[in-house]
Every structure is written in structure tokens, then in C-alpha cells.
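Novice:
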Amino acid sequence: WENNAFQGVSPFDFAMRQKNEKKKRQEKEAEAKAMMYDYEGKGVQTLGEANAKKVNAEYEKSKQAARAMKEEAKHVNMAAAGFGAEQAARNADFEREKAWKETQRQQKDAQKDVNMAAAGFGAEHAARKADFDRDQGWKETQRMEKDAQKDVNMAAAGFGVEQAARTADFEREKAWKEAQREQKAKQSEFDMAKALF
196 WENNAFQGVS PFDFAMRQKN EKKKRQEKEA EAKAMMYDYE GKGVQTLGEA NAKKVNAEYE
256 KSKQAARAMK EEAKHVNMAA AGFGAEQAAR NADFEREKAW KETQRQQKDA QKDVNMAAAG
316 FGAEHAARKA DFDRDQGWKE TQRMEKDAQK DVNMAAAGFG VEQAARTADF EREKAWKEAQ
376 REQKAKQSEF DMAKALF
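So the mapping is simple: the working numbering equals the position in the sequence shown, first residue as 1, plus 195.
In C-alpha cells:
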């Protein structure tokens, strides 16, 4: 009813309200303390509390087992234990790889003393040499043809029929140009004013 009732606005009313609230809070705290002491003193559990204790106990057991397993694992020598079948397979793989590496080393050492130039690559080298000689022969032929063409006078050689046709065209064009020049010269002497009047 105090919350709904009119409360004054004077400092006295405000102080009284604060005092009442403090009193109520202290009463609630005292009641809570009494309930707590009563709970601790009676030792009777509710169903929820009993279940929680049971779950916590089981959880603690699993944690203890994990701790014990971890502690035991610290004292196990994995190298000595050997992982059983897996370790045997790994050992076999290691030995096989070691043997392969040794074979590779021996092959490399043996190949160090081989003179590839002297060995000549066998059939492949012979084929390459034949290709090279053929290529050299073709290049030499090309060089000789170019040298021979240097001494040819193309103007004197005359290209045969083609040169004769070109020469005839040139002479005909030259004659036509000469005729055009003569015509212009005659026209320059002609006085258009005299001819018309």
C-alpha cells in the first residue's frame, strides 16, 4: 500500500521513506541468513541437490581416471614399446627407402666416371651427327649459291623474255611522252586570241 499511497515531497518524508526501505532490506537479509543456517543445520537434501551431488561425483571419477592415465603415459617409453605392427611396417619402409637411396648413390658415383662425349650416346648420337652433317651441307650449298649470284649482272643478263617485254614497254612509253612534249610545244606557239578574232 505504501507504493500506491501519496508520499510527501518534504525532506522529512524522503528521510522516512529511506528509513522504511532500509528496515525492509535488513529484515529480508535476516530472513535469508536464518534460512541458510537452517539449511546447513538440518542436513536433509532435496532431490535436485542429491542428483547434482551424484553427477559431480561421477564427473570427478572420470577426471581422476584421466589424470591417472596421463600420469601413466608419462612413464611409457614409446621407442621401446614399438607401436607393434605399425612400428614393424615403418621399420620395413625405412629399410627399403634406405636401400633405394644407397642404390641411387652408387648409380651417381658410377656415372661420374662416364665421359658422355666419348661414349657418343650410341644410335641417338649417330642420328644427331647425321642431321648435323646434312644441315652443314645444305648451309654450304646456300652459301655457294649466294656467292655465285654476286657475280651475275642482272642488267646484262636481261631476264630473258620478261626483260624484252619491259624494254619494249619502256620504249613505247618514252615515245608517247616525247609526242606529248612536242604537242605542248606546238600549242604554246599558237595564239588563241588571233585565231578566234
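Glycine included, every Cβ here is placed at the ideal spot set by N, Cα and C.
Helix, strand or coil for K246? Go by DSSP, reduced to three states.
Specialist: For the sequence presented, residue 246 should be read as Asn rather than Lys. Residue state, collapsed to three classes: helix.
Novice: What's the C-alpha gap between P206 and K219?
Specialist: 20 angstroms
Novice: Looking at the unbroken alpha helix (DSSP H) that takes in H320, where does it start and where does it end?
Specialist: A318 to K345
Novice: Could you give the DSSP three-state label for M385: helix, strand or coil?
Specialist: For the sequence presented, residue 385 should be read as Phe rather than Met. If DSSP states are grouped into helix, strand and coil, F385 belongs with coil.
Novice: Measuring only the C-alpha atoms, how far is T241 from Y232?
Specialist: 16 angstroms
Novice: Quick one: what's got a C-beta closer than 7 angstroms to R300's C-beta in the same chain, skipping five residues either side?
Specialist: none
Novice: Would A252 count as contacting chain B if we go by Cβ distances under 7 angstroms?
Specialist: In summary, chain B is missing from the structure at hand, where a single protein chain is found.
Novice: From K214 to D208, what does the alpha carbon distance come to, in whole angstroms?
Specialist: 10 angstroms
Novice: Which residue marks the beginning of the alpha helix (DSSP H) containing T241, and which one marks its end?
Specialist: Note, T241: premise wrong, no alpha helix (DSSP H); not H, not E.
Novice: When you compare only the Cα positions, how much space is there between F327 and R367?
Specialist: 54 angstroms
Novice: Provide the residue span of the alpha helix (DSSP H) that contains N286, from first to last.
Specialist: A280 to K307
Novice: Mapping DSSP to helix, strand and coil, what is V271?
Specialist: coil
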